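K.L.:
Numbering follows UniProt numbering, in which position 141 of the sequence shown is assigned residue number 141; successive positions increment by one, without gaps.
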Amino acid sequence: MRKQDNHREHDQYSHSLYYKKYINLLGLLFIGSLVFFPLASLILPDTKLSANENRILTQFPRFSADSVVDGRYMKKMQKYTADQLIGRNFWIYTKTSTDRIIGKNSSNGVFYGKNSTLIENFDPLPADQTEETKTALNTFVEKHSDLNHFFMLVPNAISVTDEKLPAYAPVLNQNTYIDSFTASLSDQLTILDPRPILKQNKDQALYYKTDHHWTTLGAWLSFQGVANALGIKPDTDAYTIYPVSHSFSGALASKSGYLTFVTDTIDVYIPKNEDDYSVVNFIEEQKKSASLFDSEQLKGKDKYAVFLSGNHPLIKIKNPVANGKNLLIIKDSYANAFIPFLTPFYSEITVIDPRYYYDSIEALIADAQITDILYLFNANTFFRDTTLEPVLNDD
Numbered sequence: 001m002r003k004q005d006n007h008r009e010h011d012q013y014s015h016s017l018y019y020k021k022y023i024n025l026l027g028l029l030f031i032g033s034l035v036f037f038p039l040a041s042l043i044l045p046d047t048k049l050s051a052n053e054n055r056i057l058t059q060f061p062r063f064s065a066d067s068v069v070d071g072r073y074m075k076k077m078q079k080y081t082a083d084q085l086i087g088r089n090f091w092i093y094t095k096t097s098t099d100r101i102i103g104k105n106s107s108n109g110v111f112y113g114k115n116s117t118l119i120e121n122f123d124p125l126p127a128d129q130t131e132e133t134k135t136a137l138n139t140f141v142e143k144h145s146d147l148n149h150f151f152m153l154v155p156n157a158i159s160v161t162d163e164k165l166p167a168y169a170p171v172l173n174q175n176t177y178i179d180s181f182t183a184s185l186s187d188q189l190t191i192l193d194p195r196p197i198l199k200q201n202k203d204q205a206l207y208y209k210t211d212h213h214w215t216t217l218g219a220w221l222s223f224q225g226v227a228n229a230l231g232i233k234p235d236t237d238a239y240t241i242y243p244v245s246h247s248f249s250g251a252l253a254s255k256s257g258y259l260t261f262v263t264d265t266i267d268v269y270i271p272k273n274e275d276d277y278s279v280v281n282f283i284e285e286q287k288k289s290a291s292l293f294d295s296e297q298l299k300g301k302d303k304y305a306v307f308l309s310g311n312h313p314l315i316k317i318k319n320p321v322a323n324g325k326n327l328l329i330i331k332d333s334y335a336n337a338f339i340p341f342l343t344p345f346y347s348e349i350t351v352i353d354p355r356y357y358y359d360s361i362e363a364l365i366a367d368a369q370i371t372d373i374l375y376l377f378n379a380n381t382f383f384r385d386t387t388l389e390p391v392l393n394d395d
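1) Can you give me the start and stop residues for the alpha helix (DSSP H) that N121 sits inside?
2) Going by DSSP in three states, K287 sits in which element: helix, strand or coil?
3) Just confirm the distance between the C-beta atoms of I266 and V306, as a whole number of angstroms; I'd bet it's less than 8 Å.
4) Where L314 and S289 are concerned, what is the direct C-alpha to C-alpha distance, given to the nearest angstrom?
5) Given E348, which residues of its chain have a CB within under 8 Å of its CB, disregarding the five upstream and five downstream residues?
6) Can you tell me the Cα-Cα spacing of residue 397 and T58, whole angstroms?
7) List, from N- to C-terminal side, the beta strand (DSSP E) runs of 3 residues or more that fit wholly inside the region 256-307.
8) What did DSSP end up calling A388 once you bin it into helix, strand or coil?
9) Between the beta-carbon of D264 and the beta-carbon of Y356, is there less than 8 Å?
10) Taking the alpha-carbon positions, what's the Y346 to I241 distance?
11) I'd like to know whether the C-beta atoms of I329 and I339 end up nearer to each other than 8 Å.
12) Express the C-alpha separation of N323 and N228 in angstroms, rounding to a whole number.
13) Looking only at C-alpha atoms, which of G231, F341, D302 sits nearest to S278?
14) Starting from the C-beta of S184, find all residues in its chain whose C-beta is less than 7 Å away, skip the five residues before and the five after it, and write them out in chain order.
15) Which word fits T236, buried or exposed, when buried means at least 16 other C-beta atoms lie within 10 angstroms of its C-beta?
16) Less than 8 Å between the CB atoms is what I'm expecting for residue 408 and A205, so what's the real figure, rounded?
17) In three-state terms, what does DSSP make of T190?
18) Whole angstroms are fine: how far does the CA of G225 sit from the CA of P196?
19) Is the beta carbon of F248 closer than 8 Å to that of L192?
20) Is it the case that the Cβ atoms of P124 and M152 are separated by a distance below 8 Å?
21) Return the bridge partner residues of L147 from the DSSP annotation.
22) Kindly indicate the opening and closing residues of the beta strand (DSSP E) around I339.
23) Is L376 helix, strand or coil by DSSP?
24) Do the CB positions of V141 and Q78 come within less than 8 Å of each other?
25) Can you tell me which of K299, P234, L308 puts its alpha carbon nearest to the alpha carbon of E285?
Structure, rendered in structure tokens:
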């Protein structure tokens, strides 16, 4: 019995000793990781661009006594350390995966919805800022009452395909905001509402699963839905559909950090009529293109930029149409997939993005002999952005 007790005590002692060594080793590894990763991140060359997040990463902050005193230096250093941490993508994926396990289905303003669908939350600015945009828009329309004005707010996936949201997701009613804003616009503005046709076809792929944009199908169906109000009769058999990428992982995948193992397909609609081709003039870049699509963009992260080579301050599109109708489009990136469907119906289309355009809109209207203006934005961007107001006021 005494020998058995001795063996038992020895085993317990050995197990206790092993456990202590194990705990000590874990502690050393933890402390070592706290020291190693930040130090290694400081020693190794900085990464300038995150292809996965599609953004410029914070670089090492410049030291100054003033920035240390007022706290700016430490804030910048914290951002720098977070952006340049070794294995950043791994840690992001680890966090979001852990969050999902414990039932948290949102990250950085993005919901993880059904069928691995990522949906951007609707987070509008305070009403007073939207009011300034509305006032500027109504004043501008009254000033140019001789032109035809069309206003189109495109709903996002959060309102069209809301059944894909996680259960009990705390979201605002985007339709209420759209209805309230458009109801207070000038009677001289023709409202283009794509919501009915999008809702009718919500079982189709209207929005990308990994990106905040609508698909080309969503844009095409919306064009058909609003064409009558534009005075246009579209030919539903005018295009051949070509898939140009099956590996699109969009901005929502990057923004949220969710690892969905899902990629999207991008389609382009090419006119069957070989005469229906346009010449695109990128004014600031001083270059021209014989295509509305830029296949070079498919090699990069932001494959949605295949449409019109992405966003630019000013673009002029000459079309093989001699009807004297010149359209000005004031827009965000949703319009990029929509514009190709307008080219058969206007002699020239001038496109400005108010986020990047700083010249006089009055001079532009006169020089381009504009007859029609289309304001085209997606609701998420429109209710978060304030750049339209200074452009319309010609500030």
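In this text, a Cβ means the ideal position worked out from N, Cα and C, and glycines have one as well. Since the model is a prediction, treat every value here as computed from it, not as a measurement.
P.N.:
Working from what's here:
1) That residue, N121, is in no alpha helix (DSSP H); it is neither H nor E in DSSP.
2) K287 falls in the strand class under three-state DSSP.
3) Yes, they are in contact, since the Cβ atoms of I266 and V306 sit about 6 Å apart, within 8 Å.
4) 14 Å
5) K316, I317, K318, N319, N326, L327, A368
6) The question about residue 397 has no answer here: the residues shown for the chain are numbered 1 through 395.
7) 264-271, 279-282, 287-289
8) It is worth fixing the name first, because residue 388 is Leu in this sequence and not Ala. Three-state DSSP puts L388 in a helix.
9) no
10) Y346 and I241: Cα-Cα distance of roughly 22 Å.
11) yes
12) 18 Å
13) F341
14) Taken in chain order, the residues that qualify are K134.
15) exposed
16) Since the first residue of the chain shown is 1 and the last is 395, residue 408 is not available in this structure.
17) The three-state secondary structure of T190, taken from DSSP, is strand.
18) When rounded, the distance between both Cα atoms is 8 Å.
19) no
20) no
21) DSSP lists no beta-bridge partner residue for L147.
22) From DSSP, I339 is part of no beta strand (DSSP E); its letter is neither H nor E.
23) strand
24) no
25) Checking every option, the nearest Cα to that of E285 belongs to L308.
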